[in-house]
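**Q** Protein chains in written order, with this note's numbering: chain A, 55 to 364; chain B, 968 to 1630. Every residue, glycine too, gets a C-beta built ideally from N, C-alpha and C. Input: one structure, supplied below.
Shown next, in the form of structure tokens:
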């Protein structure tokens, strides 16, 4: 447990590198589409610019509108704190398992969706309605994929799970990862589920909910969104690719672990960027069949695991 | 030793019930505080029973067989404790809520009787006592449901309720009679000892009618249809009790019979309960999403939560049948914890709905909006209740659903493959239910409390009286306390000698941390809360450090049309439209568009749009059944022709038949 305290601060990596990951994904996307694209540090500039700005707030809005950016940010932050990033050491992970992480994130989503309804506009309501609907079809997939990893690893605590789980261990993990990947695309609001670059009212989900926000509040909402993306990548890595983590399957020293983690995250970023570039956005009502397919994969993975005597 | 509390509690209720008819109208509201005192005393007595481990019993000998016995055993004490918490808060709330009712003394008397009868159901120690209490509870609540007797809907709701509840009672009586015929005793404790030597077939014969009878009271799908009718019709304080505790008498009965009395070691019972639980939870919340009447919405959510409770009970029975007693204890603890939690947050939400009803005179959330600014405290408490029912940390709903998840994931350690798969599927159903519930309460809170007021009533809404707010505040505090300090609740539960709960004692008695199955997983709600609070503090310091930003207030973004009207807002119907589309196989949505043209097809004068869903169970299950009974009744009525000669003929015929049969 030496250095357990220092390792409790791993989440700082998510806080400070998440805008970079966003910029990186955008850059890869741009390159794969034959554009130059904005600089990789652009999200940082955006956040700084927004933090400097004044705010305009709707007269219709209540205190929920003021509270939502804080609750959303803090819920993602709390979920990041209890997620092992590159080291599995640290007592703080005992505060919550993967189910607690998912539900803590849901608290943030709940408030964000309420904020969407608070200003009394059609766009906000539309965004909230779609976000909540999306959560309904994503959550069972996510939980089912997590069940596979949890049963194979003999725990729902990520720090214990990552010690034993490995994608190469059984075919069940491959199926579960495929399902989890689809859920991850949906949760991070990427094509083919949502288009992060659009401001076209009829297609947006996340952008619709935060439409009324400006200045520092918008910065918090966006930052939380970046962090949530990186956090979900981290969870996927913990569940399915835990190699190179300190205390993981291959015991390495503490020093290279953050580096290995960042390399893994950015590889995943490339995958997501390429997925996004090669797909067209789906109609909202086609999403149930996409996620339904993912659910079947997750179900198969659980059954495979049980049949193989997991 | 615990007699003083019980005696004092009963005296308080007696004083309340007898006091109401004589109290002057102005003072009658204060009598509810006497009920609150009585509930608190009952709660103290139940706690003492749990912690001292001493059972008290009380019996009246009527004749040889039909003795009436009451007993304060472990399970009874726990459910009585649940009732006490809710009874206390709802009674405080009622003092303000019932002030403006015209039939205040009638309501007051029946309210007291209702609370007492639920206590009696929980404490009943043998069959006659149970049935008398059960029927009293059903009848008293019937009168409370129809108390607004000028309203046609509420009379119809009362009829549905009375019919369903009596069918339920018939099944319970059948179960009791089979048990008596098989063992020769009416006492629950003796029955428990005697039944263990009897064959499994007898236990099945008792279990099936008992599950049906108690299932109707609990509102398990497809026996749930009375719930969304009766709960909205009753005054809100009574709905809070009905939804919070009365339907829990069904859960009490199921746990009492399947686990406590019958031993609960038949795996297929667990399977039945697990499937019923999964179906009830998903369908309950799906129907809730389509309701825009706030109280009906809440009533459907009770169906959902009963389903979640049954998931725990079912898992417990499956584990028990395979000899996994620690896990069985964990699953049962999850179920009982959720029972307590549901009572608390559903009571809170119904009181919130009642408060909104007082403020706006409508239950239709499409006519609300912007209430958070007009009723800030009601809004805050309703929000706490909403977060709890969606099982989001750091509230109580999260802890009990987390425990349920744990027991279902640990289903993978059961030896049989079907059990593993079934429990994991149940876990997925729970995930789906959780997300659906979140959607439903974003709608319920967002449409009614946020945005612009959609009607004149909503814009003129006034905050409720202080005692109503106090009642809600008590339960809102409970929602948080039960979510942050689960160890105290679980330690109390570990003392109950019910099913496998004692086996789970070690696992459930950590400090500040729940540790399941030797660290299979851990959860520290207070830890998560501490992380959140310190994160919030850091964030506030950061924002403060940025320096002051100018904040200006203006209109919402209106795309340049100048002034959005309330009618342009998203409605509850629009909000749930995607779900009507996605789950159309379940909802069977109907749509009716009528257009009146001035000049076809270009100039429409009037467009009427009707959208709804098909109530599947009512239309294809209960509807045909009722009409069959009705037709049969019409045929039989022909026997009653009114002619004396025909009646004499009947008598002759009967005599002849009897002669030939026995001759």
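So which residues on chain A does residue 1653 of chain B lean against when the C-beta distance must stay under 7 angstroms?
**A** Nothing in the structure corresponds to residue 1653 of chain B, since chain B is present only between 968 and 1630.
**Q** Please confirm whether residue 1120 of chain B has its beta-carbon closer than 9 angstroms to some beta-carbon of chain A.
**A** The sequence position of residue 1120 of chain B within the second chain is 153, counting from 1. No, residue 1120 of chain B does not count as interfacial toward chain A.
**Q** Determine, using beta-carbon pairs with one atom in the segment 1304-1312 of chain B and one in the segment 1378-1390 of chain B, whether at least three such pairs fall under 8 angstroms.
**A** No, the segment 1304-1312 of chain B does not touch the segment 1378-1390 of chain B.
**Q** Find out if the Cβ-Cβ distance for the pair residue 1416 of chain B, residue 1337 of chain B is shorter than 9 angstroms.
**A** Residue numbering aside, residue 1416 of chain B sits at position 449 when the second chain is read from its first letter. Residue numbering aside, residue 1337 of chain B sits at position 370 when the second chain is read from its first letter. Yes, Cβ-Cβ distance for residue 1416 of chain B and residue 1337 of chain B is below 9 angstroms.
**Q** Tell me the DSSP secondary structure of residue 971 of chain B in three-state form.
**A** Position 4 of the second chain, counted from the first residue, corresponds to residue 971 of chain B. If DSSP states are grouped into helix, strand and coil, residue 971 of chain B belongs with the helices.
**Q** Pull up the distance between the alpha-carbon of residue 1271 of chain B and that of residue 108 of chain A, whole angstroms please.
**A** Reading the second chain from its first residue, position 304 is the one you call residue 1271 of chain B. Reading the first chain from its first residue, position 54 is the one you call residue 108 of chain A. Cα to Cα, residue 1271 of chain B sits roughly 45 angstroms from residue 108 of chain A.
**Q** For chain B, is any of its Cβ atoms less than 9 angstroms away from the one on residue 128 of chain A?
**A** Residue 128 of chain A sits at position 74 when you count from the first residue of the first chain. Cβ-Cβ to chain B under 9 angstroms: yes for residue 128 of chain A.
**Q** Using a Cβ-Cβ cutoff of less than 6 angstroms, which residues in the same chain neighbour residue 283 of chain A once the five nearest sequence positions on both sides are dropped?
**A** On the first chain, position 229 is the one that residue 283 of chain A refers to. So the qualifying residues of the chain are 242.
**Q** Can you list, in chain order, the residues of its chain whose CB lies under 7 angstroms from that of residue 230 of chain A, leaving out five sequence neighbours each side?
**A** Working through the first chain from its first residue, we reach residue 230 of chain A at position 176. Closer than 7 angstroms at Cβ, skipping near neighbours: 199, 202, 203, 352 and 355.
**Q** What would DSSP say about residue 1070 of chain B, mapped onto helix, strand or coil?
**A** As a first step, residue 1070 of chain B is located in the second chain; it is residue number 103 there, counting from the start. Three-state DSSP puts residue 1070 of chain B in coil, outside helix and strand.
**Q** If you compare alpha carbons, which of B/1494, B/1190, B/1090 and B/1259 is closest to residue 149 of chain A?
**A** Counting from 1 along the first chain, the entry for residue 149 of chain A is found at position 95. Closest option to residue 149 of chain A, Cα to Cα, is B/1494.
**Q** Given a cut-off of 9 angstroms on the beta-carbon distance, is the pair residue 1007 of chain B and residue 1055 of chain B in contact?
**A** As a first step, residue 1007 of chain B must be located in the second chain, where it is residue number 40. As a first step, residue 1055 of chain B must be located in the second chain, where it is residue number 88. Cβ distance < 9 angstroms, so residue 1007 of chain B and residue 1055 of chain B count as in contact.
**Q** Near residue 153 of chain A, which residues of its chain fall below 7 angstroms by C-beta distance, leaving aside the five closest residues on each side in sequence?
**A** Counting from 1 along the first chain, the entry for residue 153 of chain A is found at position 99. These residues qualify, in order along the chain: 210.
**Q** Taking C-beta pairs closer than 8 angstroms, name the residues in chain A that residue 1357 of chain B reaches, listed in chain order.
**A** Along the second chain, one-based indexing puts residue 1357 of chain B at 390. Chain A residues near residue 1357 of chain B: 160 and 164.
**Q** Taking only beta-carbon positions, decide if residue 148 of chain A is within less than 9 angstroms of chain B.
**A** The count along the first chain starts at 1 and reaches residue 148 of chain A at position 94. Chain B contact via Cβ: present.
**Q** According to DSSP, residue 1091 of chain B sits in a beta bridge with which residue or residues?
**A** Residue mapping note: residue 1091 of chain B aligns to position 124 of the second chain, counting from 1. Answer is B/1037, bridged to residue 1091 of chain B.
**Q** Going along the chain, which residues of its own chain have a beta-carbon closer than 6 angstroms to the beta-carbon of residue 1219 of chain B, five neighbours each way excluded?
**A** The count along the second chain starts at 1 and reaches residue 1219 of chain B at position 252. Within the same chain, residue 1219 of chain B has close Cβ partners 1046.
**Q** The alpha helix (DSSP H) with residue 1618 of chain B in it runs from where to where?
**A** Translated into positions along the second chain, residue 1618 of chain B becomes position 651. Looking at the DSSP string, the run of the alpha helix (DSSP H) that includes residue 1618 of chain B is 1611-1629.
**Q** Kindly indicate if chain E contains any beta-carbon less than 9 angstroms away from that of residue 209 of chain A.
**A** The structure shown contains no chain E; its protein chains are A and B.
**Q** Which residues does DSSP pair with residue 142 of chain A in a beta bridge?
**A** In the first chain, counting from the first residue as 1, residue 142 of chain A sits at position 88. Paired residues: none, contrary to the question.
**Q** In angstroms with no decimal places, state the Cα-to-Cα distance between residue 56 of chain A and residue 82 of chain A.
**A** As a working note, residue 56 of chain A is residue 2 in the first chain. As a working note, residue 82 of chain A is residue 28 in the first chain. Caution applies to residue 56 of chain A, whose pLDDT of 43 falls short of 50 and renders its modelled position unreliable; the value that the coordinates give is listed next. Between residue 56 of chain A and residue 82 of chain A, the C-alpha separation is close to 39 angstroms.
**Q** With burial defined as no fewer than 16 other Cβ atoms inside 10 Å of the residue's Cβ, what is the status of residue 332 of chain A: buried or exposed?
**A** The residue given as residue 332 of chain A occupies position 278 in the first chain. Label assigned to residue 332 of chain A: exposed.
**Q** Report all residues from its chain with a CB closer than 8 angstroms to the CB of residue 1479 of chain B; omit the five preceding and five following residues, and keep chain order.
**A** As a first step, residue 1479 of chain B must be located in the second chain, where it is residue number 512. The answer, listed in chain order, is 1454, 1491, 1493 and 1494.
**Q** Thinking C-alpha only, which one of A/266, A/195, A/213 and A/197 is nearest residue 181 of chain A?
**A** Within the first chain, the letter at position 127 stands for residue 181 of chain A. The shortest Cα separation from residue 181 of chain A among A/266, A/195, A/213 and A/197 belongs to A/266.
**Q** State the DSSP-derived secondary structure class of residue 1127 of chain B, mapped to helix, strand or coil.
**A** The count along the second chain starts at 1 and reaches residue 1127 of chain B at position 160. Residue state, collapsed to three classes: helix.
**Q** Can you name the residues that DSSP bridges to residue 1481 of chain B?
**A** Within the second chain, residue 1481 of chain B is the residue found at index 514, counting from 1. Beta-bridge pairing links residue 1481 of chain B to B/1490.
**Q** In this structure, does DSSP put residue 302 of chain A in helix, strand or coil?
**A** Along the first chain, one-based indexing puts residue 302 of chain A at 248. Reliability fails at residue 302 of chain A, whose pLDDT of 45 lies under 50, so the model's placement of it is uncertain and the value that follows must be treated cautiously. Note: residue 302 of chain A maps to coil in three-state DSSP.
**Q** Using beta carbons (cut-off 9 angstroms, strictly below), is residue 1513 of chain B in contact with chain A?
**A** Along the second chain, one-based indexing puts residue 1513 of chain B at 546. Yes, residue 1513 of chain B counts as interfacial toward chain A.
**Q** How many angstroms separate the CA atom of residue 74 of chain A from the CA atom of residue 98 of chain A?
**A** Translated into positions along the first chain, residue 74 of chain A becomes position 20. Translated into positions along the first chain, residue 98 of chain A becomes position 44. If I take the Cα positions, the gap works out to 7 angstroms.
**Q** By Cβ distance, which residues of its chain are closer than 8 angstroms to residue 77 of chain A, with the 5 residues on each side in sequence left out?
**A** Here residue 77 of chain A refers to the residue found at position 23 when the first chain is read from its first residue. Once the five neighbours on either side are set aside, the close Cβ partners of residue 77 of chain A are 92, 93, 94, 95, 96, 97 and 98.
**Q** Contact criterion: CB-CB distance below 9 angstroms. Does residue 1434 of chain B meet it with respect to chain A?
**A** Reading the second chain from its first residue, position 467 is the one you call residue 1434 of chain B. Answer no: the Cβ-Cβ gap between residue 1434 of chain B and chain A never drops below 9 angstroms.
**Q** Run the CB neighbour count on residue 1572 of chain B, radius 10 Å, all protein chains shown included, and call it buried at 16 or more, exposed below.
**A** Within the second chain, residue 1572 of chain B is the residue found at index 605, counting from 1. With fewer than 16 other Cβ atoms within 10 Å, it is exposed.
**Q** Who are the neighbours of residue 1520 of chain B on chain A, taking C-beta pairs under 8 angstroms?
**A** As a first step, residue 1520 of chain B must be located in the second chain, where it is residue number 553. Ordered by position in chain A, the residues that pass the 8 angstroms Cβ test against residue 1520 of chain B are 110, 111, 112 and 113.
**Q** List the residues of chain B whose Cβ lies closer than 7 angstroms to the Cβ of residue 49 of chain A, in chain order.
**A** Nothing can be reported for residue 49 of chain A, as the shown portion of chain A is limited to 55 through 364.
**Q** Report all residues from its chain with a CB closer than 6 angstroms to the CB of residue 1026 of chain B; omit the five preceding and five following residues, and keep chain order.
**A** Counted from its first residue, the second chain places residue 1026 of chain B at position 59. Closer than 6 angstroms at Cβ, skipping near neighbours: 1034 and 1036.
**Q** Taking only beta-carbon atoms, is residue 358 of chain A less than 9 angstroms away from chain B?
**A** Taking the first chain and counting its residues from 1, the one referred to as residue 358 of chain A is at position 304. No, residue 358 of chain A does not count as interfacial toward chain B.
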